[in-house]
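Protein chains: 2
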Amino acid sequence: MAGLACYIWHWMAIRPHLDATAETPLYRQLRDYLQGLIESGGLQAGERLPPTRDLAGLLGLNRTTVSAAYDLLSADGWIEARGARGSFVRELAPASGDRRWDSILNPSFARASLPPVSGVIDFTTSRPSAALFPIEEFRKSAADVLASDEIGRLLQLGSPRGYEPLRQYLLDQARRDGTAHPGDDILITSGCQQAVDLLRRTLVRAGDRVLMEEPVYPGLRNSFREAGADITGIPVSEDGIDLDRLGAQLSGARLLIVTPSFQNPTGAAMPASNRAELLRRAAQSGVIVVENDIYSSLRYSGTHQAPLKQADGGVIQMGSFSKIAFPGIRVGWILGPRPVIDRAAEFKQITDLHTDQLSQAILLHFAERGMLEKHRERVILSGREKLRALEQAARRHLAGCQWTLPAGGMNLWLELPQNVDSSALRVSAREAGIDYLPGNYFSVTRPFHNALRLSFIGLEPDQIRRGIEILGQLVRNSGAWRSRETYTPVPALV
Amino acid sequence: MAGLACYIWHWMAIRPHLDATAETPLYRQLRDYLQGLIESGGLQAGERLPPTRDLAGLLGLNRTTVSAAYDLLSADGWIEARGARGSFVRELAPASGDRRWDSILNPSFARASLPPVSGVIDFTTSRPSAALFPIEEFRKSAADVLASDEIGRLLQLGSPRGYEPLRQYLLDQARRDGTAHPGDDILITSGCQQAVDLLRRTLVRAGDRVLMEEPVYPGLRNSFREAGADITGIPVSEDGIDLDRLGAQLSGARLLIVTPSFQNPTGAAMPASNRAELLRRAAQSGVIVVENDIYSSLRYSGTHQAPLKQADGGVIQMGSFSKIAFPGIRVGWILGPRPVIDRAAEFKQITDLHTDQLSQAILLHFAERGMLEKHRERVILSGREKLRALEQAARRHLAGCQWTLPAGGMNLWLELPQNVDSSALRVSAREAGIDYLPGNYFSVTRPFHNALRLSFIGLEPDQIRRGIEILGQLVRNSGAWRSRETYTPVPALV
Numbered sequence: 001m002a003g004l005a006c007y008i009w010h011w012m013a014i015r016p017h018l019d020a021t022a023e024t025p026l027y028r029q030l031r032d033y034l035q036g037l038i039e040s041g042g043l044q045a046g047e048r049l050p051p052t053r054d055l056a057g058l059l060g061l062n063r064t065t066v067s068a069a070y071d072l073l074s075a076d077g078w079i080e081a082r083g084a085r086g087s088f089v090r091e092l093a094p095a096s097g098d099r100r101w102d103s104i105l106n107p108s109f110a111r112a113s114l115p116p117v118s119g120v121i122d123f124t125t126s127r128p129s130a131a132l133f134p135i136e137e138f139r140k141s142a143a144d145v146l147a148s149d150e151i152g153r154l155l156q157l158g159s160p161r162g163y164e165p166l167r168q169y170l171l172d173q174a175r176r177d178g179t180a181h182p183g184d185d186i187l188i189t190s191g192c193q194q195a196v197d198l199l200r201r202t203l204v205r206a207g208d209r210v211l212m213e214e215p216v217y218p219g220l221r222n223s224f225r226e227a228g229a230d231i232t233g234i235p236v237s238e239d240g241i242d243l244d245r246l247g248a249q250l251s252g253a254r255l256l257i258v259t260p261s262f263q264n265p266t267g268a269a270m271p272a273s274n275r276a277e278l279l280r281r282a283a284q285s286g287v288i289v290v291e292n293d294i295y296s297s298l299r300y301s302g303t304h305q306a307p308l309k310q311a312d313g314g315v316i317q318m319g320s321f322s323k324i325a326f327p328g329i330r331v332g333w334i335l336g337p338r339p340v341i342d343r344a345a346e347f348k349q350i351t352d353l354h355t356d357q358l359s360q361a362i363l364l365h366f367a368e369r370g371m372l373e374k375h376r377e378r379v380i381l382s383g384r385e386k387l388r389a390l391e392q393a394a395r396r397h398l399a400g401c402q403w404t405l406p407a408g409g410m411n412l413w414l415e416l417p418q419n420v421d422s423s424a425l426r427v428s429a430r431e432a433g434i435d436y437l438p439g440n441y442f443s444v445t446r447p448f449h450n451a452l453r454l455s456f457i458g459l460e461p462d463q464i465r466r467g468i469e470i471l472g473q474l475v476r477n478s479g480a481w482r483s484r485e486t487y488t489p490v491p492a493l494v
Numbered sequence: 495m496a497g498l499a500c501y502i503w504h505w506m507a508i509r510p511h512l513d514a515t516a517e518t519p520l521y522r523q524l525r526d527y528l529q530g531l532i533e534s535g536g537l538q539a540g541e542r543l544p545p546t547r548d549l550a551g552l553l554g555l556n557r558t559t560v561s562a563a564y565d566l567l568s569a570d571g572w573i574e575a576r577g578a579r580g581s582f583v584r585e586l587a588p589a590s591g592d593r594r595w596d597s598i599l600n601p602s603f604a605r606a607s608l609p610p611v612s613g614v615i616d617f618t619t620s621r622p623s624a625a626l627f628p629i630e631e632f633r634k635s636a637a638d639v640l641a642s643d644e645i646g647r648l649l650q651l652g653s654p655r656g657y658e659p660l661r662q663y664l665l666d667q668a669r670r671d672g673t674a675h676p677g678d679d680i681l682i683t684s685g686c687q688q689a690v691d692l693l694r695r696t697l698v699r700a701g702d703r704v705l706m707e708e709p710v711y712p713g714l715r716n717s718f719r720e721a722g723a724d725i726t727g728i729p730v731s732e733d734g735i736d737l738d739r740l741g742a743q744l745s746g747a748r749l750l751i752v753t754p755s756f757q758n759p760t761g762a763a764m765p766a767s768n769r770a771e772l773l774r775r776a777a778q779s780g781v782i783v784v785e786n787d788i789y790s791s792l793r794y795s796g797t798h799q800a801p802l803k804q805a806d807g808g809v810i811q812m813g814s815f816s817k818i819a820f821p822g823i824r825v826g827w828i829l830g831p832r833p834v835i836d837r838a839a840e841f842k843q844i845t846d847l848h849t850d851q852l853s854q855a856i857l858l859h860f861a862e863r864g865m866l867e868k869h870r871e872r873v874i875l876s877g878r879e880k881l882r883a884l885e886q887a888a889r890r891h892l893a894g895c896q897w898t899l900p901a902g903g904m905n906l907w908l909e910l911p912q913n914v915d916s917s918a919l920r921v922s923a924r925e926a927g928i929d930y931l932p933g934n935y936f937s938v939t940r941p942f943h944n945a946l947r948l949s950f951i952g953l954e955p956d957q958i959r960r961g962i963e964i965l966g967q968l969v970r971n972s973g974a975w976r977s978r979e980t981y982t983p984v985p986a987l988v
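So the protein sequences, as listed, match chains A and B. Per this note's numbering, residue 1 is the first one in the first sequence, and the count goes up by one each step. Per this note's numbering, residue 495 is the first one in the second sequence, and the count goes up by one each step.
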């Protein structure tokens, strides 16, 4: 009895603080707590853990919550089940030793995000629809490449600059369409995200002032934050980056990174006149212009606008296959003046030697035989249909909200009524069957608390319609837009 | 006549300074010079270039040198051939505008290296022999993966942590062999070079003191130099890193990155006792230990030594398929305490989202079906034979030089007689039919002027024998070792 009392006391004394309203589920909070006890020696090697039922009773938790925490601890090797005798703390020394890693590691600037939920209509990710993947054509391209004599060379160490036939193909294409200028060259990257990474390593130092659109894709923002750059977000309207606000910030800035066509997350596209004006102002101030051109070939309506790089050879352009073709195959590129490409290739070598060669060869084969263009046409037709479904559903269900329908790309930026917080609404949204990314995810300095991004292109028209209907109900049920006229903002605490 | 005189004057006045002894070939020097003239306006758009024969005569060059320079300028779009009328400066605005990129770009710390020469016995690259690639087995694995239902998922956006089945396979393997400790996790990277890049982004800040072996693989050194780390090189003997010198540097250091098995470039391997001592000292000083374990499974003689990670869970270990299997397929990993892996995965997302999924799936299939292990056995047998050829040839031809035969890996570190400069000798070596990397390529602070690295594993035994014979002749012809006894070192200037 003394043993039992002591045992219960032991477990009552070390009661964790669990928060049912936190983003992290309870079973993970419990796992983290128990793991912390093992690491700190609060639970000793060989010690028996209470049966799940007992611990659930002590902590007022569901028994499955405790079981799930034990399962994670067991999978990680912290505890082991010994049949009917229960679960015991393992004897092995833990990996982390007594090091407090969290205080040692560099900040990555990634925002904590909710784990994905299954079974919801998922508007969170800017990725193409897997249903459209031309899998048979991809298999054919891959089979041809694998059967070729080239395979031995593809498996051997390659060049930091990329697989030469792909480089030449892209360069020829860029010369034909007037994007590549004399003295330009191309570096193959592992997707466009790596193009961003290499360009900031090549061009930006800590303290440099970098201008980007706001709201902005977090992968851009975080990369420059890691570099210690001084980032200024320039607001975006339906015509793209605000040229007056930009103009006021250009002086002394090092670099402007801009997405003129179908910006992520707003979907905005710059008219030709704005593009010319942007280049004129940037040239005056000597700011380096990096153009993110990964969405421009996904236009569903209106006429093609020439990329910045076409009008001004000094622009550095990033491209990628991922948004049209297969994001799981990581191939992108940088087109720019040779000295920039040469230096970026040196950083590429430090980063990962070179991009996977098999994938480069397969994508080249796929593009050279016209399969990429054929696929793109299908994607455009399907995108048009999705955009129409989105427009109709939004008009019908999203009264009180504001948006501008994009002419291409993957995303719609939605502003809810002023007093609806998109992060708070997301909790109900996930329960109601849809998910999206709240506006603050795309912040540089502005909060965008009532905005959200709907990535619609990976969904089917029926899902889009159903998802927007659910979103509309949530907004209405929040009582927000109906009570909008009477809503009184609370002044900030000063 | 006035026109012709003026034309000749024009071309004589802007005579370039070409250096036939420089690393950059003459035709590239001429190209750079002419391109500079076009960029600066010294040559105007529409201006005709002299016929290759005339310019060759004016500059005292071979005509093919001038032709090669014109070809490069034409390929880059600076000039265009107009049939029999000759070559003209193109009208298009150059990409670089009037920006002086070279003064704008960040330093990459990459050393200028000689371009590869063809037709020589190439000891320069630490890569496996393409002749041993099990191409049919690779084709089989790839075909199975491509035919599977998994392909749709592989082509879609994946996780920054890597392809989950591969992650689990590697983690299970590491648990079985005792390398993975409770609380450890794995992050898939795009080869081991990216593991280095992500770990330095996760763990090192500008000014942090980082310890590494010296001589060292430049990809390690350059990565930490880019981060602004304060790098200290610790000498390497045949038993690996010098523990006394290391001990004197540990205090206040942030991180030690070490290759205990078959270090690149020395081939040195640490005995078990040295490994234990290293861990003891590192633990005392609180220095983070990163173990580069990419060569340990390439042992040709002696007995396997347990990796550092097995004895100490706090160690962070880097691994890769590239050194055993296919370097063109970029898949490596980091095994370490979960907080480190979690943070490194966030940096992975900023770096390139995730590693190519098709390659991950194919390598998993290849490994799961035992093909990787079967291939490794073949590589070991062949490596043993190559090492024997190297040993015999070195004993026979390299009198006056010093080396320690490695028990595994890909490299032999050779010290020439004191007064032979390996960089100077390389010029003759390339003419005589072999190439290698000089010692200073692997410097942190020590010059290693009379050392060089022989990467032997990608060559056939006959090539190794012939190459070492050539190298021996070169060393003897340099008159160095025969005059060694009478060589008087010049004191340093103080």
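The beta-carbon is built from N, C-alpha and C at its ideal position, and this holds for glycine as well.
Sorted by chain position, which residues of the same chain lie with C-beta nearer than 7 Å to residue i's C-beta, five sequence neighbours on each side aside?
i: A888/B; result: W897, I962
i: A575/B; result: S568, S581
i: L931/B; result: T618, L946, R947
Classify residue i as helix, strand or coil using the three-state DSSP reduction.
i: I257/A; result: strand
i: I856/B; result: helix
i: N62/A; result: coil
i: P729/B; result: strand
i: I186/A; result: strand
i: G472/A; result: helix
i: A496/B; result: Only weak support exists for where A496/B lies, its pLDDT of 45 falling under 50; the value from the coordinates is given anyway. Three-state DSSP puts A496/B in a helix.
i: I79/A; result: strand
Please report whether the beta-carbon of residue i lies at a distance below 7 Å from any beta-carbon of chain A.
i: Q851/B; result: yes
i: V834/B; result: yes
i: F820/B; result: yes
i: I645/B; result: yes
i: F617/B; result: no
i: A887/B; result: no
i: A861/B; result: no
i: I998/B; result: This structure leaves residue 998/B out entirely; chain B is present only between 495 and 988.
i: T696/B; result: yes
Determine the contact status of residue i and residue j, defining contact as a CB-CB distance below 7 Å.
i: A361/A; j: L187/A; result: no
i: S126/A; j: N264/A; result: yes
i: P235/A; j: D242/A; result: yes
Quick check: is the beta carbon of residue i nearer than 7 Å to any beta carbon in chain B?
i: G319/A; result: no
i: L353/A; result: yes
i: S443/A; result: no
i: P134/A; result: no
i: D293/A; result: no
i: A75/A; result: no
So which residues on chain C does residue i lean against when the C-beta distance must stay under 7 Å?
i: F841/B; result: Absent from the structure is chain C; the protein chains it does hold are A and B.
Leaving aside the five residues before and after residue i along the sequence, list all residues of the same chain whose C-beta is less than 6 Å from its C-beta, in chain order.
i: L987/B; result: Unreliable positioning characterises L987/B in this predicted model, as indicated by a pLDDT of 39, which lies under 50. The coordinate reading is nonetheless provided below. Within the same chain, L987/B has no close Cβ partners at all.
Quick one: residues in its chain with C-beta nearer than 8 Å to the C-beta of residue i, no 5 flanking neighbours on either side, listed in chain order?
i: Q957/B; result: I615
i: G877/B; result: L792, Y794, G902, I951
Exercise. Counting pairs of Cβ atoms below 8 Å between the region 218-230 of chain A and the region 565-577 of chain B, do you hit three or more?
Worked result: no
Exercise. Counting pairs of Cβ atoms below 8 Å between the region 304-324 of chain A and the region 111-120 of chain A, do you hit three or more?
Worked result: no
Exercise. Are there three or more Cβ pairs, one per stretch, closer than 8 Å when the region 687-698 of chain B is compared with the region 746-753 of chain B?
Worked result: yes
Exercise. Can you find at least 3 beta carbon pairs, one from the region 361-370 of chain A and one from the region 136-146 of chain A, that sit closer than 8 Å?
Worked result: yes
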